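*Asks:*
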Amino acid sequence: MFILTSPAIEDQGIYPDKFTMAKGQNSSPPLKWSGAPKGAKSYAVTLVDPDVPWGKFGLPGPGMVPGDLFVHWVLYDVPANVKSLPEGASPKGKIPKGAKQLDNTCLEFGKDSPFYQFRQGYLGSAPPAGDKAHRYVFTAYALSKAKLPLAPGARYTDFIAAISGNVLARSSFLVYFGVKA
């Protein structure tokens with residue numbers, strides 16, 4: 396069975412502050428996967444927030460962002476011999492050789508946004524202060540392709556289309572994080 400875990404984060408637990416943008420270092424947590432099926436030629440890792448309050452707190456309205464998820468991270472083309480990522484792999488430049496990252500949802504806010512500078516790679520959680528705690532879903536995919544056909548400027552929805560029919564296995568875990576008003 397294909398399983399994604401983190402030695403620093405408990406499934407269904409609280410997102411540790413140190414990995415968040417709101418209270419920490421905006422550094423990706425260590426991740427590890429095991430039990431990949433035969434034929435896995437690469438891996439991908441995503442982090443999404445399905446609880447974004449679109450249209451509130453100065454955020455664009457629903458339907459303005461691809462997928463209506465806040466995409467915090469898409470790492471893909473991770474070589475088949477790689478089974479883990481160290482703490483701080485992204486955005487600190489420690490991703491595996493050959494792996495690539497898509498821009499996260501910060502790109503959608505435009506160059507005038509203070510978040511635009513964080514558009515590449517991992518973006519730690521930073522829900523609006525006073526909103527309910529958000530769910531953050533980490534997912535690892537074992538893929539039948541070594542390289543995904545993603546063009547420069549591709550978005551999360553393009554990634555989902557590219558992996559369609561190529562996912563041999565997937566595993567997710569969920570963490571919660573909120574900021575008091």
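First residue of the sequence shown? That's 396 in the working numbering, and the numbers climb one at a time after it. Ideal placement from N, C-alpha and C gives every residue a C-beta, glycine not left out. Computed from a predicted structure; not experimentally measured.
Take Leu480 and list the residues in its own chain whose beta-carbon comes closer than 6 Å to its own, dropping the five residues that flank it on each side.
*Replies:* Cβ within range, chain order: Leu426.
*Asks:* Use the C-beta contact count for Phe452: other C-beta atoms within 10 angstroms, 16 or more gives buried, fewer gives exposed.
*Replies:* When all chains shown are included, Phe452 counts as exposed.
*Asks:* Let's test the definition: count the other Cβ atoms within 10 Å of the Cβ of Ile558 and tell me whether it reaches 16, buried, or not, exposed.
*Replies:* That one is buried.
*Asks:* Taking Ala557 as part of the alpha helix (DSSP H), name the residues at either end of that continuous run.
*Replies:* Note, Ala557: alpha helix (DSSP H), Tyr551 to Ile558.
*Asks:* Among all the DSSP beta bridges, which residues are the ones paired with Val532?
*Replies:* According to DSSP, Val532 bridges with Val443 and Leu569.
*Asks:* Lys418 by DSSP, collapsed to three states: which one?
*Replies:* In this structure, Lys418 counts as coil in the three-state DSSP scheme.
*Asks:* How big is the Cα-Cα spacing for Asp472 and Gln496?
*Replies:* Computed Cα separation, rounded: 9 Å.
*Asks:* Skipping 5 residues on each side, what residues in its chain have a beta carbon closer than 7 Å to that of Asp463?
*Replies:* Excluding sequence neighbours, Asp463 sits near Trp449 and Pro457.
*Asks:* Give the C-beta separation of Lys436 and Ala541 to the nearest angstrom, bearing in mind that I take them to be a contact with Cβ-Cβ under 8 Å.
*Replies:* Contact flag correct, Cβ pair sits at about 4 Å.
*Asks:* Does DSSP classify Phe513 as helix, strand or coil?
*Replies:* Helix, per DSSP.
*Asks:* Are Tyr410 and Val574 closer than 8 Å when you measure CB to CB?
*Replies:* Against a cut-off of 8 Å, the Cβ pair of Val574 and Tyr410 comes out as no contact.
*Asks:* Can you tell me whether Glu503 is buried or exposed, with buried defined as 16 or more other CB within 10 angstroms of its CB?
*Replies:* Its Cβ being crowded by 16 or more others within 10 Å, Glu503 is buried.
*Asks:* How big is the Cα-Cα spacing for Lys418 and Val440?
*Replies:* Whole-angstrom Cα-Cα distance: 23 Å.
*Asks:* For Tyr517, which residues of its own chain have a beta-carbon under 6 Å away from its beta-carbon, when the five flanking residues on both sides are left out?
*Replies:* Hits under 6 Å: Ser423, Trp468, Ser485 and Pro486.
*Asks:* For the beta strand (DSSP E) that Leu399 lies in, which residues bound it at each end?
*Replies:* Residues Ile398 to Thr400.
*Asks:* Taking Cβ positions, are Asn438 and Ala549 nearer each other than 8 Å?
*Replies:* Note on identity: in this sequence residue 438 is Tyr, with Asn being the wrong assignment. Against a cut-off of 8 Å, the Cβ pair of Ala549 and Tyr438 comes out as no contact.
*Asks:* Classify Asp472 as helix, strand or coil using the three-state DSSP reduction.
*Replies:* It is a strand residue.
*Asks:* Find out if the Cβ-Cβ distance for the pair Pro432, Leu538 is shorter than 8 Å.
*Replies:* Their beta carbons are not under 8 Å apart, which means Pro432 does not touch Leu538 by this criterion.
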